[in-house]
Amino acid sequence: MKNHRSNRTPRPERPASALPADSLAFSLSRAAELVEAVRAGANLTDAFEAMLARHAEWPDATRGAVRDLAWGTLRDYGRGDAVLRQLLHKPLPEAIHALLLVALHRLETRPEQAHTVVNQAVEAAAAMMAPLKGVVNGVLRNRQRNAAELDAELDADQSAYYRHPSWWVERLRASFPQGWEAALAAGNERPPMGLRVNHLRGSVDAYASELDAAGFAHRRLGNDALVLAKPVAVAALPGFAEGRVSVQDGGAQWAARWLDLAPGQRVLDACAAPGGKSAHILETAAVELLSLELDAVRSRRIVDNFARLGLTGEVRTADCRERAKWWDGRPFDRILADVPCSASGVARRHPDIKWLRRADDIPRFAAQQAEILDALWPTLAPGGKLLYVTCSVFVEENARQVERFCARHADALRLEIDGRPECQLLPGADHDGFYYALLAKRA
Ligand SMILES: C[S@@+](CC[C@H](N)C(=O)[O-])C[C@H]1O[C@@H](n2cnc3c(N)ncnc32)[C@H](O)[C@@H]1O
Numbered sequence: 001m002k003n004h005r006s007n008r009t010p011r012p013e014r015p016a017s018a019l020p021a022d023s024l025a026f027s028l029s030r031a032a033e034l035v036e037a038v039r040a041g042a043n044l045t046d047a048f049e050a051m052l053a054r055h056a057e058w059p060d061a062t063r064g065a066v067r068d069l070a071w072g073t074l075r076d077y078g079r080g081d082a083v084l085r086q087l088l089h090k091p092l093p094e095a096i097h098a099l100l101l102v103a104l105h106r107l108e109t110r111p112e113q114a115h116t117v118v119n120q121a122v123e124a125a126a127a128m129m130a131p132l133k134g135v136v137n138g139v140l141r142n143r144q145r146n147a148a149e150l151d152a153e154l155d156a157d158q159s160a161y162y163r164h165p166s167w168w169v170e171r172l173r174a175s176f177p178q179g180w181e182a183a184l185a186a187g188n189e190r191p192p193m194g195l196r197v198n199h200l201r202g203s204v205d206a207y208a209s210e211l212d213a214a215g216f217a218h219r220r221l222g223n224d225a226l227v228l229a230k231p232v233a234v235a236a237l238p239g240f241a242e243g244r245v246s247v248q249d250g251g252a253q254w255a256a257r258w259l260d261l262a263p264g265q266r267v268l269d270a271c272a273a274p275g276g277k278s279a280h281i282l283e284t285a286a287v288e289l290l291s292l293e294l295d296a297v298r299s300r301r302i303v304d305n306f307a308r309l310g311l312t313g314e315v316r317t318a319d320c321r322e323r324a325k326w327w328d329g330r331p332f333d334r335i336l337a338d339v340p341c342s343a344s345g346v347a348r349r350h351p352d353i354k355w356l357r358r359a360d361d362i363p364r365f366a367a368q369q370a371e372i373l374d375a376l377w378p379t380l381a382p383g384g385k386l387l388y389v390t391c392s393v394f395v396e397e398n399a400r401q402v403e404r405f406c407a408r409h410a411d412a413l414r415l416e417i418d419g420r421p422e423c424q425l426l427p428g429a430d431h432d433g434f435y436y437a438l439l440a441k442r443a
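Counting from 1, one number per residue, gives the positions in the sequence shown under full-length UniProt numbering.
1) One question on the structure: do Leu99 and Leu69 come within less than 8 Å of each other, judged by their Cβ atoms?
2) Just the Cα atoms here: how many angstroms apart are Leu438 and Cys406?
3) Excluding the 5 residues flanking Leu425 on each side, which residues of the same chain have their C-beta closer than 7 Å to its C-beta?
4) For Lys230, count the other beta carbons within 10 Å of its own beta carbon; 16 or more makes it buried, fewer makes it exposed. Which is it?
5) What does the alpha-carbon distance come out to for the pair Val83 and Val139?
6) Evaluate Glu57 with the Cβ neighbour count: other Cβ atoms within 10 Å of its Cβ, from every protein chain shown; 16 or more gives buried, anything less gives exposed.
7) Distance check for Ala95 and Ala32, CA to CA, integer angstroms please.
8) Quick one: grab the DSSP three-state call for Asp328.
9) Take the Cβ of His97 as the centre, count every other Cβ of all protein chains shown within 10 Å, and call the residue buried at 16 or more, exposed below.
10) For Asp295, is the beta carbon positioned less than 7 Å from some heavy atom of ligand 1?
11) How long is the line joining the alpha carbons of Asp212 and Gly134, rounded to whole angstroms?
12) Expressed to the nearest angstrom, what Euclidean distance is found between the alpha-carbon atoms of Ala160 and Leu172?
13) Count the other C-beta atoms from every protein chain shown that fall within 10 angstroms of the C-beta of Leu101, then say buried if there are 16 or more, exposed otherwise.
14) Taking the DSSP output, what are the residues bridged to Tyr388?
15) Is Arg321 near ligand 1, with its Cβ less than 7 Å from a heavy atom?
16) If you follow the beta strand (DSSP E) that Val245 is part of, which residue opens it and which one closes it?
17) Can the beta-carbon of Cys341 be found closer than 8 Å to that of Thr379?
18) Go to Glu288, then tell me how far its beta strand (DSSP E) extends in each direction, as first and last residue.
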């Protein structure tokens, strides 16, 4: 895969439109377009949104089917890629290569439908590049015929076995000798759907009862986050439009609690979009909040979220490193630095990340995070607290980053979080991967 994420203009579509929109062949071919785009370096979510914008006529079922196939294929990419290395003796056009990856994923997840999957993949190939339909048929049948032998080889291939790049597996293994395999396995699952109840509009108990009444099974985490047993469409959530609830991962819902907020405090959320943690801060205490965001389009999402939830806070588009452009000189009592990172803790939500990132991206993120921390530190009041957060599982962005920061700033003091020096959450059934460290400025 190319090592960049771009918003490139999609190339003209192939005539998948010749296929019935409710057929598996149609979904396979559309998902293949997304996989092909990611293999060329595009961001999966952007590519999917651009596709949907061109096809407002698609029913929800088609959107869901294309999404499931594309996301699933990319979660499994390490395995699909290895299977094609086993089976292809010369390169195929990218579109057909991507179609095979999607079909292999479907074969693996729905073995009982193998016959239909192969037929529909061949149909898709016929609509996309008719001369190659025989190749698609041959590769998929070959995979089925020789499954036992091929699988034995795959089990010996680290990236295929763990469905993560080898460098990623090695880093995790070195950092978390106890939890690395479980974290990798969880990172290949569909993510849980976490909910945050807006305390200003009702209690968690009352909302949990509403979920029970609506038949949505759920469990409650130690920080009052609710996790649904099965994800549902946002619009189906009771009270969503009225701002009584938000979708937010359970792991992300520790930030507001660990910031130790109190009414009247001046609080900065330095990297705020789409505004989940900013909103949680405002739902938690009557503070004076400034939310900064580098990207103007993403800033708009903070504003929209505040409007839906009935919250008031100042939102500004700015680079938090350019203090002179946004800081009025009044210190903050609390700072949330939820910095840009590898997003390696949320890769199951954005599975393109696993394959687009390279090991040498990590030091670049770490350097950017250090710049952000250094720029924010002077804006923290003596005695104030800064919560450093990433959704990364790599120590360079987390523990090492905070150690280096403390070595540079003699007035920085590490505070414990729930009795521990820091908190590294690994992806699991309840939450994504997050890292938290709490720093205080000596008074
Ligand atoms: C991890 S996300 C924040 C998620 C957010 N806190 C939430 O809970 O919804 C990081 C955000 O920081 C923004 N960002 C990156 N560099 C920045 C900078 N130098 N100044 C301000 N925002 C920045 C990114 O555009 C991105 O929206």
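The C-beta atom is built at its ideal place from N, Cα and C for all residues, glycine as well.
Looking at the atomic coordinates:
1) It is not a contact, given that the beta carbons lie outside the stated cut-off.
2) The straight-line gap from Cα to Cα measures roughly 11 Å.
3) The beta carbon of Leu425 sits closer than 7 Å to the beta carbons of Gly251, His431, Gly433 and Phe434 from its chain, once the five residues preceding and following it are set aside; these are given in chain order.
4) Result: exposed.
5) Distance from the CA of Val83 to the CA of Val139, rounded to the nearest whole angstrom, comes to 10 Å.
6) Classification for Glu57: exposed.
7) Note on geometry: alpha-carbon atoms of Ala32 and Ala95 lie some 7 Å from one another.
8) Coil at Asp328, not helix or strand.
9) When all chains shown are included, His97 counts as buried.
10) Judged by the Cβ position, Asp295 qualifies as a neighbour of ligand 1 at the 7 Å threshold, a heavy atom of the ligand being closer than this.
11) Answer to the nearest angstrom: the Cα atoms are 51 Å apart.
12) Answer to the nearest angstrom: the Cα atoms are 16 Å apart.
13) Counting every other CB atom within 10 Å of its CB across the protein chains shown gives Leu101 a total of 16 or more, marking it as buried.
14) Beta-bridge pairing links Tyr388 to Ala337 and Ala437.
15) Yes, since a heavy atom of ligand 1 falls inside the 7 Å radius drawn around the Cβ of Arg321.
16) Its beta strand (DSSP E) spans residues Val245 to Val247.
17) For Cys341 and Thr379, no; Cβs fall outside 8 Å.
18) Element bounds for Glu288: Glu288 to Glu293.
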